[in-house]
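Q: Here it is, the structure, as structure tokens.
Protein chains: 2
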Amino acid sequence: MQLDNRKKEVLHAIVDDYVSTNEPVGSKSLIERHNFSVSSATLRNDMAELEHLGLIEKPHTSAGRIPSDKGYREYVNSLMTIEELSPREKLEIEKRIDSSVDEVTDLIKNATYTLSETTGFVSLAMSPRLKKSYLKQLKILMIEPGKALVVMVLSAGVVKDKVVRIPNFLSDEQIMKISGAVEKNLTGKPLDEITLVTVETAGKGAEVPEPLLKQVLYEAYAAIKQADELNIYLEGEHRMLSLPDFSSLGRARDLLGTLSDSGMVAGYVNEMENAAREQGNDDSFMIRIGQEITLEGLDDCSFITATYNLTDSVSGNIGVIGPKRMLYSKVISQIDFVKKKLNREIQKFT
Amino acid sequence: MQLDNRKKEVLHAIVDDYVSTNEPVGSKSLIERHNFSVSSATLRNDMAELEHLGLIEKPHTSAGRIPSDKGYREYVNSLMTIEELSPREKLEIEKRIDSSVDEVTDLIKNATYTLSETTGFVSLAMSPRLKKSYLKQLKILMIEPGKALVVMVLSAGVVKDKVVRIPNFLSDEQIMKISGAVEKNLTGKPLDEITLVTVETAGKGAEVPEPLLKQVLYEAYAAIKQADELNIYLEGEHRMLSLPDFSSLGRARDLLGTLSDSGMVAGYVNEMENAAREQGNDDSFMIRIGQEITLEGLDDCSFITATYNLTDSVSGNIGVIGPKRMLYSKVISQIDFVKKKLNREIQKFT
DNA sequence: TGTTGGCACTCGATGGCATAGAGTGCTAAT
DNA sequence: ATTAGCACTCTATGCCATCGAGTGCCAACA
């Protein structure tokens, strides 16, 4: 992309103006609002050039230009400068992310909510990916005949549990035996190395009749696998309805329809994460703009996520989904600050 | 309300027509669509009367009539007849409410989702109100220094837990002692009789230094109280955007904005429930129409809930929020059927 | 007294039309 | 390479006439 300096400035100005006014921007208003030392005719030439390069486009012949996805991309990649938040804004976020909760999960939800409030967009967080974490503790608790609770504590301090069904006539003692055996052999094991076979061998020590034992172990295994599932927290979907970008009912409907399938969104974030990792792209932010997003109904959105760290090897994503016509630098700073705050607060749990 | 038979029929017809067409209905089209044995002029007189009574109204002078809130109310109270669902529809619901889940909570979520899908509206369920249930089991589990898990099993088979912070230097044994003492003295107690004092006396037996004991007991108490909190599941908010009734962005925004505050909705449902109980109104359905609903942005909605039973004394609500222009009889049957199915499935857990 | 046909009137919706205004591309001059 | 100027394009806006569904009321009728 060989853009001379002025063309860069022009693109920069167009993005800025369009983001703040939501109107296609023309050569004249560009001159008015910015201190270009050239005439509008010159800008027109530049703009024609930029359009030729696919960076801007016009809704119709006699309208101003708006940035294309590619234009936003160029802006994000090499034009914008990120500014820090004001102390006031920082304070606001600090205040909202309340550290008095008892569980990491609540803290993450809290941060997600805050992010949605401060940006005014949809925010989301992924529960930590646990593959790389190991089992710190596992207990099977008898609840009542036929029902037990599998409680797992993972290395990152995350507690998960699941009610499972067990054979009716298993006694409390028998369950405790199984629990003890499994715990002894499984603690310290990385989650992704735990398979049905591992669990079954781990349980061998318990003196419990074979078929019963097997069933309990299977349930325990299923509980562990479930704990490993991805979880996503989405917040503030309704805020999108206040944006002029989604004043068309159809667009809004498609967007919220897609977002309502949180599993789908979670899958997409995961894909993004994997793609970024494969490319060795260890930029702290992942940004997808408009058509780059393969989810239906998000053509007019941008997707920005950052990675928060629970431990060195366990991390999750937090970010926002907003209109692609957004103040990128601002939103990125906001996400960044929330992420940092979250990281700091998480320390207290590990 | 003294309405002669024909006026009743007219109101009935107006509601039906308006619900199905979403257009104000005039005297002429009323004649066309229904077999009235009188002329349109007569109906006009009747309609003027109905309007005088406040049962119908016109958007503007030269338009047809639409039912007022009061009109819908009359319709719901004494005009409509509830028809059973077709076997096909029943089957569809039966199929969707999957009973293979392990926890009551999942079953309820499942039913909520199904209800939203079949009605096409927002559906909601309240977690069971637990006041009248008792503590079946309570265990405190050491997770790691400074952290414990309080696991509670309630009479209805509901399992709740909460991670709590405890003094760092408490040992596993000490926690087990406390757990044992509390459990021994608290099991069987109705939830609403459990206070901080009760918990503290219950823990007396444990041989653990006083201040430490007190802190743990306080946390346990807090966990129990939290288990008692109301929980609401809302589903399908985005579906409202597909309804012509909310084709105005403003309305849709207000509605979804309010619904996004699920705590507020939960509070409202609870109020409704209490109000109904005070009036000795043991109708199985609670219906609020339009302005009767005090939540902001729900003026164009109706709120219909039914009560499902977990045990004889523990119950919750399940229902829908839809446009007040809805097929009441149909929706009521749908809720009713889902409720019954839910009740049946719940049996398997208790 | 309740019912009916007739009629004038109301009011939103629709579509045509002219106008204004913002913006463009192109050309010729600097 | 830049600029002034100009013809052209297209949307948005407002106005106006028309259409049609629906109403209210009155006088006549069973």
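If you read the protein sequences in the order shown, they are chains V and U. Heads up: the first sequence begins at 0 in numbering that gives the first Met the number 0, then just goes up one per residue. Heads up: the second sequence begins at 0 in numbering that gives the first Met the number 0, then just goes up one per residue. Beta carbons: idealized from backbone N, C-alpha and C, even for Gly.
With a threshold of 8 Å between beta carbons, is S19/U in contact with chain V?
A: Position 20 of the second sequence holds residue 19/U. Answer no: the Cβ-Cβ gap between S19/U and chain V never drops below 8 Å.
Q: Taking only three categories from DSSP, how would you classify D335/U?
A: Residue mapping note: residue 335/U aligns to position 336 of the second sequence, counting from 1. D335/U: helix per DSSP, three-state reduction.
Q: If you run the structure through DSSP and keep just helix, strand and coil, what is R164/U?
A: Counting from 1 along the second sequence, the entry for residue 164/U is found at position 165. Note: R164/U maps to strand in three-state DSSP.
Q: Where do the N-terminal and C-terminal ends of the beta strand (DSSP E) with E82/V fall, by residue?
A: Within the first sequence, the letter at position 83 stands for residue 82/V. Premise fails: E82/V is in no beta strand (DSSP E) and is neither H nor E.
Q: By Cβ distance below 7 Å, which residues in the same chain neighbour T111/V in space, the five residues on each side in sequence not counted?
A: Taking the first residue of the first sequence as 1, we reach residue 111/V at position 112. Hits under 7 Å: S122, L123, A124, Y232, E234, I317.
Q: Can you tell me whether A110/U is helix, strand or coil according to DSSP?
A: Indexing the second sequence from 1 puts residue 110/U at position 111. A110/U: helix per DSSP, three-state reduction.
Q: Work out the CA separation of K213/V and D253/U for me, nearest whole Å.
A: On the second sequence, position 254 is the one that residue 253/U refers to. On the first sequence, position 214 is the one that residue 213/V refers to. Rounded to whole angstroms, D253/U to K213/V spans 53 Å at the Cα level.
Q: How many angstroms separate the CA atom of V198/U from the CA atom of G179/V?
A: As a first step, residue 198/U is located in the second sequence; it is residue number 199 there, counting from the start. As a first step, residue 179/V is located in the first sequence; it is residue number 180 there, counting from the start. Cα to Cα, V198/U sits roughly 29 Å from G179/V.
Q: Let's see if you can read the secondary structure: which residues bound the beta strand (DSSP E) around T304/V?
A: Sequence index remark: in the first sequence, residue 304/V carries index 305 (1-based). Unbroken beta strand (DSSP E) run through T304/V: 300-308.
Q: What does the Cβ neighbour count give for E73/V, buried or exposed, with the cut at 16 atoms within 10 Å?
A: Looking up residue 73/V in the first sequence gives position 74. The residue in question, E73/V, is buried, as its Cβ has 16 or more Cβ neighbours within 10 Å.
Q: Interface residues of chain U around L148/V at Cβ under 7 Å?
A: Taking the first residue of the first sequence as 1, we reach residue 148/V at position 149. Ordered by position in chain U, the residues that pass the 7 Å Cβ test against L148/V are V150, V158.
Q: Does Q357/V pass the burial test, meaning 16 or more other C-beta atoms within 10 Å, or should it be called exposed?
A: With chain V represented from 0 up to 349, any question about residue 357/V goes unanswered, as that position is not in the structure.
Q: Should the segment 278-288 of chain V be regarded as contacting the segment 302-318 of chain V, the criterion being three or more beta carbon pairs within less than 8 Å?
A: Enough Cβ pairs lie closer than 8 Å, so yes.
Q: Could you check how far apart the C-beta atoms of S132/V and A155/V are, in whole angstroms? I think they sit under 8 Å.
A: Locating residue 132/V in the first sequence gives position 133, counting from the first residue. Locating residue 155/V in the first sequence gives position 156, counting from the first residue. Sure, about 5 Å apart at Cβ, within 8 Å.
Q: Find the nearest neighbour of S321/V within the set K57/V, E22/V, V163/V, S241/V, judged by alpha-carbon distance.
A: Here residue 321/V refers to the residue found at position 322 when the first sequence is read from its first residue. Reading the sequence as shown, one finds Gly at residue 321/V and not Ser. When only C-alpha atoms are compared, the closest one is S241/V.
Q: Of all Cβ atoms in chain U, is any one closer than 8 Å to the Cβ of I142/V?
A: Numbered from its first residue, the first sequence carries residue 142/V at position 143. Taking Cβ atoms only, chain U reaches closer than 8 Å to I142/V, which makes this a yes.
Q: Quick one: using the 10 Å Cβ neighbour count with 16 as the cut-off for buried, is D311/U buried or exposed?
A: On the second sequence, residue 311/U is found 312 positions in, with the first residue counted as 1. Exposed: under 16 other Cβ atoms inside 10 Å.
Q: Measure the CB-CB distance between I345/U and V157/U and report whether it falls below 8 Å.
A: Position 346 of the second sequence holds residue 345/U. Position 158 of the second sequence holds residue 157/U. No, Cβ-Cβ distance for I345/U and V157/U is not below 8 Å.
Q: List the residues of chain V that G256/U touches, going by C-beta distances under 9 Å, in chain order.
A: What you label residue 256/U is simply residue 257 of the second sequence in a count that begins at 1. What G256/U touches in chain V: H237, R238, L240, S241.
Q: So which residues on chain U does Q136/V lean against when the C-beta distance must stay under 8 Å?
A: On the first sequence, residue 136/V is found 137 positions in, with the first residue counted as 1. Near Q136/V (Cβ distances below 8 Å), the residues of chain U are I142, E143.
Q: For M263/U, which residues of its own chain have a beta-carbon under 8 Å away from its beta-carbon, when the five flanking residues on both sides are left out?
A: Taking the first residue of the second sequence as position 1, residue 263/U is located at position 264. Within the same chain, M263/U has close Cβ partners T257, L294.
Q: Going by DSSP, name the residue or residues bridged to L169/U.
A: Your numbering for residue 169/U matches position 170 in the second sequence. In DSSP, L169/U forms no bridge with anything.
Q: Start and end of the beta strand (DSSP E) containing L148/U?
A: Against the second sequence, residue 148/U aligns to sequence position 149. 146-153 is the span of the beta strand (DSSP E), which, as asked, contains L148/U.
Q: Any beta carbon from chain V within less than 8 Å of L185/U's own beta carbon?
A: The sequence position of residue 185/U within the second sequence is 186, counting from 1. By this cut-off, L185/U is not an interface position.
Q: Residues of chain V with CB closer than 9 Å to the CB of R164/U, please, in chain order.
A: By 1-based counting over the second sequence, the position of residue 164/U is 165. The contacting residues are D101.
Q: Where do the N-terminal and C-terminal ends of the beta strand (DSSP E) with A322/V fall, by residue?
A: For the purposes of this step, residue 322/V is taken as the residue at position 323 of the first sequence. Ala is not the amino acid found at residue 322/V; the sequence shown has Pro there. Segment 314-322, the beta strand (DSSP E) holding P322/V.
Q: Taking 8 Å as the cut-off, decide whether the C-beta atoms of Y17/V and R250/V are in contact.
A: On the first sequence, position 18 is the one that residue 17/V refers to. On the first sequence, position 251 is the one that residue 250/V refers to. No, these two residues do not count as a Cβ contact at 8 Å.
Q: Are H11/V and L78/V touching if we call contact CB-CB under 8 Å?
A: By one-based count along the first sequence, residue 11/V stands at place 12. By one-based count along the first sequence, residue 78/V stands at place 79. It is a contact, given that the beta carbons lie within the stated cut-off.
Q: Specify, as a first and last residue, the run of the alpha helix (DSSP H) that L229/U falls within.
A: The residue labelled residue 229/U in the question sits at position 230 within the second sequence. From DSSP, L229/U is part of no alpha helix (DSSP H); its letter is neither H nor E.
Q: Rounded to whole angstroms, how far is the Cβ of S126/U from the Cβ of L229/U, which I believe are closer than 8 Å?
A: The residue labelled residue 126/U in the question sits at position 127 within the second sequence. The residue labelled residue 229/U in the question sits at position 230 within the second sequence. Yes, S126/U and L229/U are in contact; Cβ-Cβ is about 7 Å, under 8 Å.
Q: Shorter than 8 Å from the beta carbon of R252/V to some beta carbon of chain U?
A: In the first sequence, residue 252/V corresponds to position 253, counting from 1. It does; some Cβ of chain U falls within 8 Å.
Q: K161/U to G25/V, Cα distance in whole Å?
A: In the second sequence, counting from the first residue as 1, residue 161/U sits at position 162. In the first sequence, counting from the first residue as 1, residue 25/V sits at position 26. In a straight line, the C-alpha of K161/U is about 58 Å away from that of G25/V.
Q: How many Å lie between I92/U and I223/U at the Cα?
A: Start at 1 with the first residue of the second sequence, and residue 92/U comes out as number 93. Start at 1 with the first residue of the second sequence, and residue 223/U comes out as number 224. Taking the straight line joining both Cα atoms gives about 35 Å.
Q: Kindly indicate the opening and closing residues of the beta strand (DSSP E) around E48/U.
A: Position 49 of the second sequence, counting from 1, holds the residue named residue 48/U. Per DSSP, E48/U belongs to no beta strand (DSSP E); it is in the alpha helix (DSSP H), 39-51.
Q: Below 8 Å between beta carbons: does that hold for L52/U and V9/U?
A: As a working note, residue 52/U is residue 53 in the second sequence. As a working note, residue 9/U is residue 10 in the second sequence. No, the Cβ-Cβ distance between L52/U and V9/U is not below 8 Å.
Q: Kindly indicate the opening and closing residues of the alpha helix (DSSP H) around S19/U.
A: Position 20 of the second sequence holds residue 19/U. Unbroken alpha helix (DSSP H) run through S19/U: 4-20.
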